[in-house]
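For the sequence shown, my numbering begins at 1 and goes up steadily by one.
Cβ atoms here follow ideal geometry from the backbone N, Cα and C, with glycine treated the same way.
Just so we're clear, the structure is a prediction, and the values are computed from it rather than from any experiment.
Notes follow the structure.
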Amino acid sequence: MVDFEWYRSFIAIYKHSSVSEAARTRIMTQPAMSQHLASLEARVGEQLFFRTSRKLVPTERGKQLYAHVAPHIEALDERTMELKHNLSPLRNTIRIGTTPELFAEIVMASLSQMEWNIVSYFGDTEQLLELLKEERVDVILTPRKFVTPGIEYVRLMQESFVVVAPYETVVPEFTHLKDMESWLSEQRWISYGLELPIIRRYWKEMFKKGPLINPTHVIPSMPLILKAIEEGVGISLLPVHMLKDQETTKPRWKLVFEHMTIHNDLLIGIKSKQKHVLVINDFIKCLCEHHKNHSNDSKELVGIGATNEYARLIIDSYERLTGRMLLDEKAMPGNEFNQLYHAPVVVLSHGPEADPILNYSNLAAQELWEMDWSAFMGTPSRWTTEALDREERDGLFRAVDEHGYVDNYTGIRISSTGRRFYVEQATVWNLIDERGVKHGQAAAFREYRYI
1 MVDFEWYRSF IAIYKHSSVS EAARTRIMTQ PAMSQHLASL EARVGEQLFF RTSRKLVPTE
61 RGKQLYAHVA PHIEALDERT MELKHNLSPL RNTIRIGTTP ELFAEIVMAS LSQMEWNIVS
121 YFGDTEQLLE LLKEERVDVI LTPRKFVTPG IEYVRLMQES FVVVAPYETV VPEFTHLKDM
181 ESWLSEQRWI SYGLELPIIR RYWKEMFKKG PLINPTHVIP SMPLILKAIE EGVGISLLPV
241 HMLKDQETTK PRWKLVFEHM TIHNDLLIGI KSKQKHVLVI NDFIKCLCEH HKNHSNDSKE
301 LVGIGATNEY ARLIIDSYER LTGRMLLDEK AMPGNEFNQL YHAPVVVLSH GPEADPILNY
361 SNLAAQELWE MDWSAFMGTP SRWTTEALDR EERDGLFRAV DEHGYVDNYT GIRISSTGRR
421 FYVEQATVWN LIDERGVKHG QAAAFREYRY I
């Protein structure tokens, strides 16, 4: 009879293309791992891997065996984990990997309300990914998404980054982006990492090219970067929500080009095979609900649009009519409002009135129209366009009524301050529930340019 552990060792070697790496992940010695492989090859009667100078390459027989065995072994491991989590008479334990900053801001705030024991591991984004891949943690909280087979993400929130400088910094007035970029390039930059995370993205989004700067200091801690800025060491990009907690009557830092912000998603990562494990789903839901209830963005939100049910109507109607996903990730039940509200796509909607009234806008829409939630709610939809463009807008709504949705719409819109922008490739659709009842219309787009 074949030893079950031989198969588990074979799968580990197959995944890592290395006996030594597989032995490390299984917490075994390399000779013991090699013995498992040799025993399985002897039992199968064929070689399962070719040995090269750098790695092990599976033979055709090895590929066949993996395809046949791996799903059964993984299913058995998943069932064992479910039984362990769901049937234990003791408090369940969640192993979480994150950065110290995210632990302090997100996990620590909800620890007292959690019904699980928490074992925490800290690291950078790449280290967190490895912890999850090796199943040393159940969940990771990370600001970076890696496209990795077998790993899925749920969006927890979206954070905005802005340039922060010492309070004494003199910032000239600029009318051209080129001059603004030149000034920024001349400053002393503090970066979170040598690869310039966030800074590189800021340059790409604002100036459409990479930054030609070398950081003066690399400090892998957002709070310590802020401390360095207060000491006059240099400038950097920091999350806005962190700065709100640091506001004092005698500020030692200032925002630079406050209107130029970029956004980044904070994500919850899990193994795909664990997405149906009850205790892990409950933990994720707890984090999302706690964030929603304590977020400065959602505390004062009222109205029909400020519910998971309405967010689900927007998402489901779009997917039912167009056959496409509105969000980058499937909305998690009970977290629809949070994911849609912080999504990197502009979304807004109005009711079925004869003169439609706005009843939903996510953060991206609020930023673009320069209006907060309360200002949006109750505003006639026609006010989002200039008077001369309203006839064209009414024609669009009639077309949506007739066809269910309209794709690739382009048109001019105007913000509350009079700033004009050109919407590109927008989708406008009817909000129809599962009973066929119409509740209004919604629009979504990712592309726009200021005029």
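Within the segment 1-76, note down every full beta strand (DSSP E) run reaching 3 residues or more, in order along the chain.
Complete beta strand (DSSP E) runs here, min 3: 49-51, 56-58.
SER182: first and last residue of the uninterrupted alpha helix (DSSP H) it sits in:
177-185 is the extent of the alpha helix (DSSP H) around SER182.
On the criterion of 16 or more Cβ atoms from any shown chain inside 10 Å, does ALA458 qualify as buried, or is it exposed?
One cannot answer for residue 458 here, as it falls past the ends of the chain, which runs 1 to 451.
Given a cut-off of 8 Å on the beta-carbon distance, is the pair VAL346 and PHE257 in contact?
The Cβ-Cβ distance between VAL346 and PHE257 does not fall below 8 Å.
Own chain residues within Cβ distance below 6 Å of ILE432, not counting five before or after:
Closer than 6 Å at the Cβ level, and outside the excluded window around ILE432, lie SER317, LYS438.
What number of angstroms, rounded off, separates the C-alpha of VAL302 from the C-alpha of THR261?
Using only the alpha carbons, I get a separation of about 26 Å.
So, helix, strand or coil for VAL233, using DSSP?
VAL233: coil per DSSP, three-state reduction.
Determine the direct distance from the alpha carbon of THR52 to that of ARG43, and round the result to whole angstroms.
Whole-angstrom Cα-Cα distance: 23 Å.
Distance check for GLY436 and LEU102, CA to CA, integer angstroms please.
In a straight line, the C-alpha of LEU102 is about 42 Å away from that of GLY436.
Is there contact between the segment 183-193 and the segment 227-242, where contact requires at least three CB pairs shorter than 8 Å?
The segment 183-193 vs the segment 227-242: in contact.
From what residue to what residue does the beta strand (DSSP E) around GLN441 run?
It spans 438-445 - the beta strand (DSSP E) in which GLN441 sits, taken as one unbroken run.
Proximity of LEU238 and LEU224 at Cβ, strictly below 8 Å
LEU224 is positioned such that its CB atom lies no closer than 8 Å to that of LEU238.
Exposed unless 16 or more other CB atoms sit within 10 angstroms - verdict on HIS16
HIS16 is buried by the Cβ-count criterion.
CA-CA distance, GLU74 and ALA12?
Rounded to the nearest angstrom, the two C-alpha atoms are 11 Å apart.
Express the C-alpha separation of LEU48 and SER298 in angstroms, rounding to a whole number.
In this prediction, SER298 has a pLDDT of 44, which is less than 50 and means its spatial position is unreliable; what the coordinates show is noted afterwards. Spanning the two alpha carbons is a distance of roughly 56 Å.
Check this for me: beta carbons of ASN430 and GLY395, under 8 Å apart or not?
Cβ atoms of ASN430 and GLY395: not closer than 8 Å.
DSSP-derived helix/strand/coil call for ASP401:
Helix at ASP401.
Check whether the Cβ atoms of VAL400 and GLN441 sit closer than 8 Å, and answer yes or no.
Against a cut-off of 8 Å, the Cβ pair of GLN441 and VAL400 comes out as a contact.
With a cut-off of 8 Å on the beta carbons, I'd call THR93 and VAL119 a contact; round off their distance for me.
Confirmed, about 6 Å.
Using DSSP with H/G/I as helix, E/B as strand and the rest coil, what is GLU424?
In this structure, GLU424 counts as strand in the three-state DSSP scheme.
Nearest to ALA365 by alpha carbon, out of PRO352, LEU340, ALA354?
Nearest neighbour of ALA365 by Cα position, chosen from PRO352, LEU340, ALA354, turns out to be LEU340.
In chain order, what residues of the same chain lie with their CB nearer than 7 Å to the CB of ASP407, ignoring the 5 residues before and after it?
Sequence-distant partners of ASP407 (beyond 5 residues in either direction) whose C-beta falls short of 7 Å from its own C-beta, in its chain, are THR427.
Does DSSP classify TYR167 as helix, strand or coil?
Three-state result, TYR167: coil.
Going by DSSP, what residue range makes up the beta strand (DSSP E) through ASN214?
No beta strand (DSSP E) holds ASN214; DSSP gives it neither H nor E.
For TYR310, which residues from the same chain have a beta carbon less than 7 Å from its beta carbon, with the 5 sequence-adjacent residues on both sides left out?
Cβ within range, chain order: ILE304, TYR360.
For ASN335 versus CYS288, is the C-beta distance shorter than 8 Å?
In this structure, CYS288 lies closer than 8 Å to ASN335 by Cβ.
Among ASP179, PRO211, VAL240, TYR167, which residue has its Cα nearest to the Cα of LEU194?
The shortest C-alpha to C-alpha distance from LEU194 to any of ASP179, PRO211, VAL240, TYR167 is the one to PRO211.
Over what stretch of residues does the alpha helix (DSSP H) that includes ARG200 continue unbroken?
It spans 199-207 - the alpha helix (DSSP H) in which ARG200 sits, taken as one unbroken run.
Our contact map puts PHE161 next to GLU181 with C-beta atoms below 8 Å; I'd like the distance itself, whole angstroms only.
With 8 Å as the limit, PHE161 and GLU181 do not qualify as a contact, their Cβ atoms being about 17 Å apart.
Could you tell me the distance, in whole angstroms, from the CA atom of TRP116 to the CA atom of GLU134?
A straight line joining the alpha-carbon of TRP116 with that of GLU134 spans about 22 Å.
Using the Cα positions of ILE199 and ASN214, report the straight-line distance between them to the nearest angstrom.
Cα to Cα, the separation comes out at about 11 Å.
Please work out which residues of its chain come closer than 8 Å, Cβ to Cβ, to GLU60, disregarding the five sequence neighbours upstream and downstream, and give them in chain order.
Answer for GLU60: no residue qualifies.
What did DSSP end up calling ILE304 once you bin it into helix, strand or coil?
Note: ILE304 maps to coil in three-state DSSP.
Is the segment 122-130 touching the segment 163-177 in the sense that three or more CB pairs, one from each, lie closer than 8 Å?
Result no; under three Cβ-Cβ pairs closer than 8 Å.
Span of the beta strand (DSSP E), counted from its first residue to its last, around LYS254:
Where LYS254 is concerned, the enclosing beta strand (DSSP E) stretches over 253-256.
Quick check: the Cα distance between TYR7 and ARG136, rounded to an integer number of angstroms?
Rounded to whole angstroms, TYR7 to ARG136 spans 20 Å at the Cα level.
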